[in-house]
Amino acid sequence: LQEDFGVASDVWSVTSFSELRRDGLAAERAALLRPDAEAPVPWVRSCLATREGPVVAAS
2 LQEDFGVASD VWSVTSFSEL RRDGLAAERA ALLRPDAEAP VPWVRSCLAT
52 REGPVVAAS
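Numbers given in my numbering equal positions in the sequence shown, counted from 1, plus 1.
In structure tokens, the structure reads:
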């Protein structure tokens, strides 16, 4: 994409969108159950925290 269109991109592989969803829901639930504790960070958020721009996910 960079060479042909001048668009920088990264490609990530996802083995299970269901597992990513479960991880996100578990982090949300933990934050609700223990508002005084530090909220857990879902795995996908920690991976993409330093990235800029949109994310396109396809299965």
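Using N, Cα and C, we set each Cβ at its ideal position, and we do this for glycine too.
The three-state reading of DSSP puts L2 in coil, since its state is none of H, G, I, E or B. When the five nearest sequence neighbours on each side are left out, the beta carbons in the same chain lying within less than 7 angstroms of the beta carbon of L49 are those of V56, in order along the chain. Between A40 and A28 the beta-carbon gap is near 7 angstroms, inside 8 angstroms, which marks them as a contact. In this model, A31 and S10 are separated by some 33 angstroms (Cα to Cα). The three-state reading of DSSP puts S47 in helix, counting H, G and I together.
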